[in-house]
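Written out below as structure tokens is the structure these notes cover.
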Amino acid sequence: YLIDALEMPSKQLLSNPLLAQALSITEAAALVYSVRDEASFRLALGLADFMREHFAPNSQHGQAGGRVYPLLLVGNKTDPPPSPPPADPVAQLQGERAVSRAEGAQAARGMGIPGVSDLASSSSGVGFLEVSAKTGEGVERIFEELGAEVLRVRRAVREGRERMERERERERVKGGVANGEGSGRGAGGMEGRRKAGWRRLWFGGRRGTQTVGGEGR
Numbered sequence: 001y002l003i004d005a006l007e008m009p010s011k012q013l014l015s016n017p018l019l020a021q022a023l024s025i026t027e028a029a030a031l032v033y034s035v036r037d038e039a040s041f042r043l044a045l046g047l048a049d050f051m052r053e054h055f056a057p058n059s060q061h062g063q064a065g066g067r068v069y070p071l072l073l074v075g076n077k078t079d080p081p082p083s084p085p086p087a088d089p090v091a092q093l094q095g096e097r098a099v100s101r102a103e104g105a106q107a108a109r110g111m112g113i114p115g116v117s118d119l120a121s122s123s124s125g126v127g128f129l130e131v132s133a134k135t136g137e138g139v140e141r142i143f144e145e146l147g148a149e150v151l152r153v154r155r156a157v158r159e160g161r162e163r164m165e166r167e168r169e170r171e172r173v174k175g176g177v178a179n180g181e182g183s184g185r186g187a188g189g190m191e192g193r194r195k196a197g198w199r200r201l202w203f204g205g206r207r208g209t210q211t212v213g214g215e216g217r
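Note that full-length UniProt numbering numbers the sequence shown so that position 187 is 187, with each residue one more than the last.
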């Protein structure tokens, strides 16, 4: 499969209209944060909350409500800090890990999948990866996992539609059979009454003729 990726910097993600527009033309998202920046981690969690609200079944965002939208939480910058460490204390702090792998995994497990209303079906949370854009380690897995999730959702949606169509067809056939049986009973009853009426008229007329003929004879 081919993936058409849309990258949005964090500044654009702070604009709800821009984010809503991006969600309307995409099928999944990777929420990427820096393991060296806790603020970016909190931003990723806030975006996940926004997306769950955006795709909630009772959402007011047009046709977005109830659309399943896979997410993947990705911790970036897992490559080791430079050695020797920089002399600047601020740079040293920026090079240290601020969000542990366990924190990221726990946050992903606690996330609900946008568009899924059944808490039991989303209790396992969303996918989680740690990567290094600098070295390329793990980057391909982002697209592999998102692509697999998109295909899974498409298949589930297609199967759901087919199931609904089969149910409608069964109801239609059932209704047609019931109407046909009812019509048959009605027509049969009317036909039976009509035949009975003709029999009474015919045999009654014959008895009358015989009586008259007998008197004549």
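Just so you know, even glycine gets a beta-carbon here, dropped at the ideal spot from N, CA and C.
request  = Just confirm the distance between the C-beta atoms of Val153 and Val68, as a whole number of angstroms; I'd bet it's less than 8 Å.
outcome  = In the sequence shown, the residue the question calls residue 153 occupies position 153. In the sequence shown, the residue the question calls residue 68 occupies position 68. Rounded, the Cβ-Cβ distance is 5 Å, consistent with contact.
task = State the Cα-Cα distance for the pair Arg101 and Gly110, rounded to the nearest angstrom.
result = Start at 1 with the first residue of the sequence shown, and residue 101 comes out as number 101. Start at 1 with the first residue of the sequence shown, and residue 110 comes out as number 110. For Arg101 and Gly110, the distance between alpha carbons rounds to 14 Å.
task = Quick one: grab the DSSP three-state call for Phe128.
result = Within the sequence shown, the letter at position 128 stands for residue 128. Phe128 falls in the strand class under three-state DSSP.
message = For the alpha helix (DSSP H) containing Asn16, name the first residue and the last one.
response = Sequence index remark: in the sequence shown, residue 16 carries index 16 (1-based). Asn16 -> alpha helix (DSSP H) spans 16-24.
key: Burial state of Lys174, where buried means 16 or more other Cβ atoms lie within 10 Å   = Counted from its first residue, the sequence shown places residue 174 at position 174. Exposed is the call here.
key: Spatial neighbours of Ala29 in its chain, beta-carbon cut-off 6 Å, leaving aside the 5 residues before and after   = In the sequence shown, the residue the question calls residue 29 occupies position 29. Closer than 6 Å at Cβ, skipping near neighbours: Leu71.
Beta-bridge partners of Val31, as assigned by DSSP = The count along the sequence shown starts at 1 and reaches residue 31 at position 31. One point to set straight first is that residue 31 is Leu, not Val, in the sequence displayed. Partner(s): Leu73.
Backbone secondary structure at Arg170 - three-state DSSP = The sequence position of residue 170 within the sequence shown is 170, counting from 1. If DSSP states are grouped into helix, strand and coil, Arg170 belongs with the helices.
inquiry  = With three or more C-beta pairs closer than 8 Å as the rule, is the segment 155-163 touching the segment 138-145?
reply    = no
message = DSSP three-state label for Leu119, please.
response = Locating residue 119 in the sequence shown gives position 119, counting from the first residue. In this prediction, Leu119 scores a pLDDT of 40, lower than 50, which makes its location untrustworthy; the coordinate-derived value is nonetheless stated afterwards. Reduced to three states, the DSSP call for Leu119 is helix.
ask   = With a CB to CB cut of under 8 Å and the five nearest residues on each side skipped, what residues in its chain are close to Met51?
value = Numbered from 1 along the sequence shown, position 51 holds the residue referred to as residue 51. Once the five neighbours on either side are set aside, the close Cβ partners of Met51 are Leu23, Ala29, Tyr69, Leu71, Pro114.
message = So, under 8 Å CB-CB, Phe143 and Leu73 are touching, yes? Tell me the CB distance rounded to an integer number of Å.
response = In the sequence shown, residue 143 corresponds to position 143, counting from 1. In the sequence shown, residue 73 corresponds to position 73, counting from 1. Actually they are not in contact, since the Cβ atoms of Phe143 and Leu73 sit about 15 Å apart, beyond 8 Å.
inquiry  = Quick check on this structure: which residue in Thr78, Arg36, Ala108, Ile25 has the alpha carbon closest to the alpha carbon of Asp4?
reply    = Counting from one through the sequence shown, the residue named residue 4 turns up at place 4. Measuring from the Cα of Asp4, the nearest candidate turns out to be Ile25.
inquiry  = Does Lys11 come out as helix, strand or coil in the three-state DSSP assignment?
reply    = Within the sequence shown, numbered from 1, the residue matching residue 11 stands at position 11. The answer is helix: DSSP assigns Lys11 an H, G or I state.
query = Measuring CA to CA, which of Gly65, Asn16, Arg97 is closest to Glu38?
reply = Within the sequence shown, residue 38 is the residue found at index 38, counting from 1. Among Gly65, Asn16, Arg97, the Cα nearest to that of Glu38 is on Arg97.
inquiry  = Less than 9 Å between the beta carbons of Glu130 and Gly104, yes or no?
reply    = Along the sequence shown, one-based indexing puts residue 130 at 130. Along the sequence shown, one-based indexing puts residue 104 at 104. Contact: yes.
key: Ser183 in three-state terms, based on DSSP   = The residue labelled residue 183 in the question sits at position 183 within the sequence shown. At Ser183, the pLDDT of 49 sits below 50, so the modelled position is not reliable; the number obtained from the coordinates is stated separately. Note: Ser183 maps to helix in three-state DSSP.
message = Looking at the ligand ATP, does it come within less than 8 Å of Gly104, judged from the CB to the closest heavy atom?
response = With respect to the ligand ATP, the structure offers nothing, as it holds no ligand at all.
task = Go ahead and pull the three-state DSSP assignment for Glu137.
result = By 1-based counting over the sequence shown, the position of residue 137 is 137. Note: Glu137 maps to coil in three-state DSSP.
message = Taking the alpha carbon of Glu27 as the reference point, which residue from Leu6, Ala44, Leu13, Tyr33 has its own alpha carbon closest?
response = The sequence position of residue 27 within the sequence shown is 27, counting from 1. Among Leu6, Ala44, Leu13, Tyr33, the Cα nearest to that of Glu27 belongs to Leu6.
query = Since Lys77 contacts Ser132 with CB under 8 Å, what's their CB separation in whole angstroms?
reply = Taking the first residue of the sequence shown as position 1, residue 77 is located at position 77. Taking the first residue of the sequence shown as position 1, residue 132 is located at position 132. Lys77 to Ser132, Cβ: 7 Å. Contact.
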